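Chemist: Going down the list, the protein sequences come from chains A and B.
So the number in this note's numbering is just where the residue sits in the first sequence, counting from 1, plus 832.
So the number in this note's numbering is just where the residue sits in the second sequence, counting from 1, plus 832.
Just so it is clear, CB atoms sit at the ideal spot from N, CA and C, and this is done for glycine as well.
Here the structure is a predicted model, which is why all the values come from computation and not from measurement.
There are 2 protein chains.
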Amino acid sequence: MSVTFPRGFRASGVAAGIKPSGAPDLSVVIAEEPVPAAAVFTQNSAAAAPVRLSRRHMEVSRGAIRGVTLNSGCANAATGELGDRAAYDMAAAVAGEVGCEVTEVLVCSTGPIGPQLPMDKILPAMQLLVARAASSPTAGKDAAAGLMTTDTFIKEAAVSGPGGFRVGGMAKGAAMIRPSMATMLAVITTDAVSSAQRLRAVLSEAVEETFNSINIDGCESTNDTVILMASGRSGIEPSPEELTKGVRKVCAQLARDIVADAEDCTRVVTILVSGAPDDGSARRMGMAIADSDLVRCSFYGGDPNWGRLVAALGACGEPLDASRIDITYQGTPVARGGTHTGVDLSAVEPLLAGDFEIDVAVGDGPGTARILTSDLTPGYVIFNGEPS
Amino acid sequence: MSVTFPRGFRASGVAAGIKPSGAPDLSVVIAEEPVPAAAVFTQNSAAAAPVRLSRRHMEVSRGAIRGVTLNSGCANAATGELGDRAAYDMAAAVAGEVGCEVTEVLVCSTGPIGPQLPMDKILPAMQLLVARAASSPTAGKDAAAGLMTTDTFIKEAAVSGPGGFRVGGMAKGAAMIRPSMATMLAVITTDAVSSAQRLRAVLSEAVEETFNSINIDGCESTNDTVILMASGRSGIEPSPEELTKGVRKVCAQLARDIVADAEDCTRVVTILVSGAPDDGSARRMGMAIADSDLVRCSFYGGDPNWGRLVAALGACGEPLDASRIDITYQGTPVARGGTHTGVDLSAVEPLLAGDFEIDVAVGDGPGTARILTSDLTPGYVIFNGEPS
């Protein structure tokens, strides 16, 4: 179940013909009226046209949003004024069909950077897309399917909170995933009662430990967007903590799915950092480990090459006493006080045949972080080396 | 010709048995007396024992250095107090054989991080190593061979400057190459007359555009060291500019060789950044492009995927107007003003079958940089995934 699990939302997805394959590539999520919304966007200074448009619409509408339209097959990034016009026309087409202000519609795009959107295919498909929008569970799934690029499975999540308010969400991932502030495309809906202001705080907190704590290839996208909309249709106004908990659960499920579906990855690796001066420092250390090609090559080989983690930590610019680093692979301590424990590393290798966990303690500070990453594989390189 | 091309230096290399393969793994470069020297080291805060020892020896000796000993097959990094003792013992052994202060000897190590040095093999080999040190051209080559880890060829360079002073050098590279301040292991010798103070300025300027402008895999090593020694035996005191030019030529040749010999790389790609606010900004932009896995995957595929360059530039944190980016692949403009020029990209692909050049203009500032990198290949991943 996805974005239509919470009451008050309709969704649909169609194949507009953006993708040559004929797979679904255009989606919409619509509330019954303008509802409070919050959004976080990529920090990339080459942000795509739809990101720049959606930022403006969030400002102008003061976070009262009627709908979101999303396409895959083309990022509409590095597309100049023509791209800005295309993003606006997508929003205007939805607004026309739904009957709302254009500034009440957000736009997300994902796919190759550079090509222009085929508006001759998108605009004619908008009428059918909006007409088909329904509140059934399958409608949410259809919408999620329309986001997929190289994803191999649909990413959706749904939870219920105290009193029965609901949170649902959909996302897409696969590559160019190293969120800075936001991440990838994700739409989260809830039928909880909430102000736009509260939603901003809830989303900001929820993404930090979920979408902002995954790292597949160190590449920050031009299009990362996470949108949260609250219909209020459950009639329940949860506490900020309860709402954050529900949203975080959905985000965590989607974030985990994104890493598990990383292009050609064979393992999900969880990096737990502890003992850092603060959580931010811990997260930067964990991200630096996940950024390292040599570290992610060792994950692919199932090699407990802890020395590469030490080198990555030392290079990341965070305060570090290398003589205090303890590293544990899947429960087996391999380094203590910055040096080898003496354990036979070949005995650790069998533990790394599937998903595994690494604990990295860097001192006695209170900072911790939990980073999800995947291995770097020959398949990833081959796949991403092919001209698109 | 290598470090023994300049007059006043002896060198040698032997197989001490550090590497199971029996390949050369221990080298020495010796001046006839303590000579002015300069050195730059990795910025990694998990710096290896030999780096910390050499830093101290440069301070204590005030840059008057008699010799350098280098080993491959073990980085002596993340080795705790035992590692510190081993680095000291290596320096002391050379000092004993040569007849100088231990603080007049520098130590460099390269190889896997974590294992302890086999001192039972190294110490007995020191007598023969120093005894064999000669000033012949082959002696310089023997020393260069002793540095090799996964290198496939010996990296050496030699030039003559105005009046006949000489500069020679040797280096090793192959992986974990993303210099921060220094890079990898390299020893540069000259028979020019120079103070240690002048050598520091010369080395600092020479490494910036050479070793500090290459990037193979984004990974900063724990052991990077570049040492420059001046015997003064030519009797010639070149101007700072002349000496810098000679040293830079040697560094440039060695840096290029390091990239060309990157593990399993199939192409050397030169990234020319121009129009940045200043040279430092240009270099960080070029490095960010080279850091990107997705960019280096596209190099492997010979794919002019300029959009990935735009995304990498946008993510690097430098001031950027994405609508002013012009990108040219091997002479063919593919993007102007941040969007596609309309050129048929499949017609560009054949130009990228071998080494190629990319021009990236980001505005009208005076800053430029020239970064050398290599492609990311499935072979690199497989090679670095194997437990060592």
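On a Cα-Cα basis, can you pick out the residue from B/A1024, B/N1055, B/L949 that is closest to B/K1077?
Modeler: Ranking B/A1024, B/N1055, B/L949 by Cα distance to B/K1077 puts B/A1024 first.
Chemist: Name the two residues that bound the continuous alpha helix (DSSP H) containing B/D929.
Modeler: What sits at residue 929 of chain B in the sequence shown is Glu, not Asp. Looking at the DSSP string, the run of the alpha helix (DSSP H) that includes B/E929 is 912 to 930.
Chemist: One question on the structure: do A/I1190 and A/I1159 come within less than 8 Å of each other, judged by their Cβ atoms?
Modeler: Yes, the pair counts as a contact, with Cβ atoms nearer than the cut-off.
Chemist: By alpha-carbon positions, which one of B/R1030, B/V1192, B/C906 ends up nearest to B/E1074?
Modeler: Comparing Cα-Cα distances from B/E1074 to each of B/R1030, B/V1192, B/C906, the minimum goes to B/R1030.
Chemist: Would you list, in sequence order, the uninterrupted beta strand (DSSP E) runs of no fewer than 3 residues that lie entirely inside the region 1178 to 1210 of chain A?
Modeler: Segments of the beta strand (DSSP E) lying fully in the region 1178 to 1210 of chain A: 1188 to 1193, 1199 to 1206.
Chemist: List, in order along the chain, the chain A residues whose C-beta lies closer than 7 Å to that of B/S1053?
Modeler: Chain A residues near B/S1053: A1143.
Chemist: Name, please, each residue of chain B whose Cβ falls closer than 7 Å to the Cβ of A/G978.
Modeler: By Cβ distance, chain B contributes nothing, its closest Cβ being about 22 Å from A/G978, past 7 Å.
Chemist: Relative to the alpha-carbon of A/A963, which residue among A/R884, A/V861, A/S904 has its alpha-carbon at the smallest distance?
Modeler: Taking only the C-alpha atoms, the option nearest A/A963 is A/V861.
Chemist: Mapping the DSSP letters down to three states, classify A/I1090 as helix, strand or coil.
Modeler: Correct three-state label for A/I1090: helix.
Chemist: Report yes if the CB atom of B/V835 is closer than 8 Å to the CB atom of B/S1063, and no otherwise.
Modeler: Contact flag unset, no.
Chemist: Measuring CA to CA, which of B/G1195, B/V892, B/R842, B/V1166 is closest to B/E1181?
Modeler: Of B/G1195, B/V892, B/R842, B/V1166, the residue nearest in Cα terms is B/V1166.
Chemist: Quick check: is the beta carbon of A/Y1161 nearer than 8 Å to any beta carbon in chain B?
Modeler: With 8 Å as the cut-off, A/Y1161 does not count as an interface residue toward chain B.
Chemist: Return the CA-CA distance between B/A977 and A/L1126, expressed in angstroms with no decimal places.
Modeler: Answer to the nearest angstrom: the Cα atoms are 24 Å apart.
Chemist: For the region 971 to 1058 of chain A, which segments carrying the alpha helix (DSSP H) assignment without a break, of at least 4 residues, lie completely within its bounds, in sequence order?
Modeler: List check, alpha helix (DSSP H) in window: 1028 to 1040.
Chemist: Grab me the residues of B/R887's own chain with a C-beta within less than 7 Å of its C-beta, minus the 5 sequence neighbours each way, in chain order.
Modeler: So the list reads F873, once near-sequence residues are dropped.
Chemist: Verify the CB distance criterion: does B/S1130 have a CB-CB separation below 8 Å to chain A?
Modeler: Closer than 8 Å: yes.
Chemist: Which whole-angstrom value is the C-beta distance of B/S968 and B/P882, which I expect to be below 8 Å?
Modeler: That pair is no contact at about 27 Å.
Chemist: Going by DSSP, name the residue or residues bridged to A/G899.
Modeler: DSSP, once it has assigned bridges, lists A/I862, A/V937 as partnering A/G899.
Chemist: Apply the 10 Å Cβ neighbour rule to A/D1135 and answer buried if 16 or more other Cβ atoms are within range, or exposed otherwise.
Modeler: The residue is buried, with at least 16 neighbouring Cβ atoms inside 10 Å.
Chemist: Which residue wins for smallest C-alpha separation from B/I954, given the options B/A966, B/A924, B/A880, B/G840?
Modeler: Comparing Cα-Cα distances from B/I954 to each of B/A966, B/A924, B/A880, B/G840, the minimum goes to B/A924.
Chemist: Any idea what DSSP makes of A/G845, helix, strand or coil?
Modeler: Three-state DSSP puts A/G845 in a strand.
Chemist: Would you mind stating whether B/A990 and B/F841 have Cβ atoms separated by less than 8 Å?
Modeler: It is not a contact, given that the beta carbons lie outside the stated cut-off.
Chemist: I want to see whether chain A comes within less than 8 Å of B/P1219, judged by CB atoms only; does it?
Modeler: Interface residue, yes.
Chemist: Determine the chain B residues that contact A/V1213 at a beta-carbon separation under 7 Å, and present them in chain order.
Modeler: Neighbours of A/V1213 on chain B, chain order: C1129, Y1132, L1208, T1209, P1210, V1213.
Chemist: Check the DSSP bridge columns for A/F1289 and list the partner residues they point to.
Modeler: This structure leaves residue 1289 of chain A out entirely; chain A is present only between 833 and 1220.
Chemist: If we count the other Cβ atoms within 10 Å of its Cβ and call it buried at 16 or more, is A/D1207 buried or exposed?
Modeler: Label assigned to A/D1207: buried.
Chemist: With a CB to CB cut of under 7 Å and the five nearest residues on each side skipped, what residues in its chain are close to A/G895?
Modeler: Excluding sequence neighbours, A/G895 sits near P868, A869, A870, A1028.
Chemist: Cβ atoms of A/L1086 and A/G1186: under 8 Å apart, would you say?
Modeler: No, they are not a contact pair.
Chemist: Is A/L1204 buried or exposed, if buried means 16 or more other CB atoms sit within 10 Å of its CB?
Modeler: The residue is buried, with at least 16 neighbouring Cβ atoms inside 10 Å.
Chemist: Check the Cβ of A/L949 against every Cβ in chain B and list those closer than 9 Å, keeping chain order.
Modeler: Going along chain B, no residue has its Cβ under 9 Å from A/L949, so there is no contact; the nearest lies around 13 Å.
Chemist: Return the Cβ separation of B/G1169 and B/D1110 in integer angstroms, given the expectation that the two are a contact with Cβ distance under 8 Å.
Modeler: 22 Å between Cβ atoms; not a contact.
Chemist: Looking only at C-alpha atoms, which of B/S1130, B/E913, B/G915, B/M958 sits nearest to B/C1097?
Modeler: Of B/S1130, B/E913, B/G915, B/M958, the residue nearest in Cα terms is B/S1130.
Chemist: The alpha helix (DSSP H) with A/G1139 in it runs from where to where?
Modeler: It spans 1138 to 1147 - the alpha helix (DSSP H) in which A/G1139 sits, taken as one unbroken run.
Chemist: What does the alpha-carbon distance come out to for the pair A/E1218 and B/G1133?
Modeler: Roughly 5 Å between the two C-alpha positions.
Chemist: Quick check on the DSSP output: the alpha helix (DSSP H) that includes B/S1106 runs from which residue to which?
Modeler: From DSSP, B/S1106 is part of no alpha helix (DSSP H) but of the beta strand (DSSP E) over 1100 to 1108.
Chemist: Straight-line CA distance for A/G1174 to B/S1026?
Modeler: Using only the alpha carbons, I get a separation of about 47 Å.
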